[in-house]
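Undergrad:
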Amino acid sequence: MTENSLRSVTVERTATGHFIATNPRGGTIAFGTGSDPQTEAEFTPVELLLAALGGCTAVDVDIATSRHAEPTRFSVTVTGDKINDELGNRMTDLKVSFSVAFPDGEGADRARAILPRAVKTSHDRLCTVSRTVEIGTPVTAAVEDA
Numbered sequence: 000m001t002e003n004s005l006r007s008v009t010v011e012r013t014a015t016g017h018f019i020a021t022n023p024r025g026g027t028i029a030f031g032t033g034s035d036p037q038t039e040a041e042f043t044p045v046e047l048l049l050a051a052l053g054g055c056t057a058v059d060v061d062i063a064t065s066r067h068a069e070p071t072r073f074s075v076t077v078t079g080d081k082i083n084d085e086l087g088n089r090m091t092d093l094k095v096s097f098s099v100a101f102p103d104g105e106g107a108d109r110a111r112a113i114l115p116r117a118v119k120t121s122h123d124r125l126c127t128v129s130r131t132v133e134i135g136t137p138v139t140a141a142v143e144d145a
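Sequential numbering of the sequence shown, starting at 0, is according to numbering that gives the first Met the number 0.
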């Protein structure tokens, strides 16, 4: 593994059930359990997973299509069922759905034509998040000395 391939975030507890993730560039996102009425709008970790799936594919598709035409609508909805079975808590039936529209014109026609291929290419090869989920990657959890 090269130094350039490593990706990381740091998660810090801010209160019971509330956390802030920080990336190496200083970006932050607050999240929590979603059960506190004062902060119920916070994303939960599962919602962050869904956002990562949709966001990763959205970036790929946007880059491929917007070079031809600026979309008039670009929305991605990600759904899945949270279950608990003999394998533990997990998500099943994950689905990423695109709703994209382009104006009239030659460039927009090209963007519309490549949209299905862009979605498929992102899913099959480009989106690191969905590729990792589909292929499956072991996760190691460890407690380090304080």
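Every residue, glycine too, gets a C-beta built ideally from N, C-alpha and C.
Note the first and the last residue of the continuous alpha helix (DSSP H) segment covering A20.
TA: Here residue 20 refers to the residue found at position 21 when the sequence shown is read from its first residue. It is not in any alpha helix (DSSP H) - A20 instead sits in the beta strand (DSSP E) that spans H17 to T21.
Undergrad: Grab the span of the alpha helix (DSSP H) containing G54 for me, first residue to last.
TA: As a working mapping, residue 54 is identified with position 55 in the sequence shown. From DSSP, the alpha helix (DSSP H) with G54 extends over P44 to S65.
Undergrad: Out of curiosity, what's the CA-to-CA distance linking G53 and V95?
TA: Against the sequence shown, residue 53 aligns to sequence position 54. Against the sequence shown, residue 95 aligns to sequence position 96. Distance between the alpha carbons of G53 and V95: 6 Å.
Undergrad: If you follow the beta strand (DSSP E) that G79 is in, where does it begin and where does it stop?
TA: As a working mapping, residue 79 is identified with position 80 in the sequence shown. Its beta strand (DSSP E) spans residues R72 to D84.
Undergrad: With a CB to CB cut of under 7 Å and the five nearest residues on each side skipped, what residues in its chain are close to T195?
TA: There is simply no residue 195 to check, as the chain begins at 0 and stops at 145 in what is shown.
Undergrad: So S98 and S121 are supposed to be a Cβ contact under 8 Å. How far apart are they, rounded?
TA: Here residue 98 refers to the residue found at position 99 of the sequence shown. Here residue 121 refers to the residue found at position 122 of the sequence shown. Incorrect: roughly 16 Å between the Cβ atoms, too far for contact.
Undergrad: Can you name the residues that DSSP bridges to I28?
TA: Residue numbering aside, residue 28 sits at position 29 when the sequence shown is read from its first letter. For I28, which the question treats as bridged, DSSP gives the partners A20.
Undergrad: For the candidate residues G25, N22 and G31, whose alpha-carbon lies nearest to that of R12?
TA: Within the sequence shown, residue 12 is the residue found at index 13, counting from 1. Among G25, N22 and G31, the Cα nearest to that of R12 is on G31.
Undergrad: For C55 versus V138, is the C-beta distance shorter than 8 Å?
TA: Residue numbering aside, residue 55 sits at position 56 when the sequence shown is read from its first letter. Residue numbering aside, residue 138 sits at position 139 when the sequence shown is read from its first letter. Contact flag unset, no.
Undergrad: Helix, strand or coil, according to DSSP, for G106 in the structure here?
TA: As a first step, residue 106 must be located in the sequence shown, where it is residue number 107. Assignment of G106 by DSSP, reduced to helix, strand and coil, places it in the helix class.
Undergrad: So E133 is in the alpha helix (DSSP H); what residue range does that whole segment cover?
TA: Here the question's residue 133 lines up with position 134 in the sequence shown. Residues T127 to I134.
Undergrad: What residue from N22, E41 and V132 has the CA that sits closest to D92's CA?
TA: Within the sequence shown, the letter at position 93 stands for residue 92. Out of N22, E41 and V132, V132 has the C-alpha closest to the C-alpha of D92.
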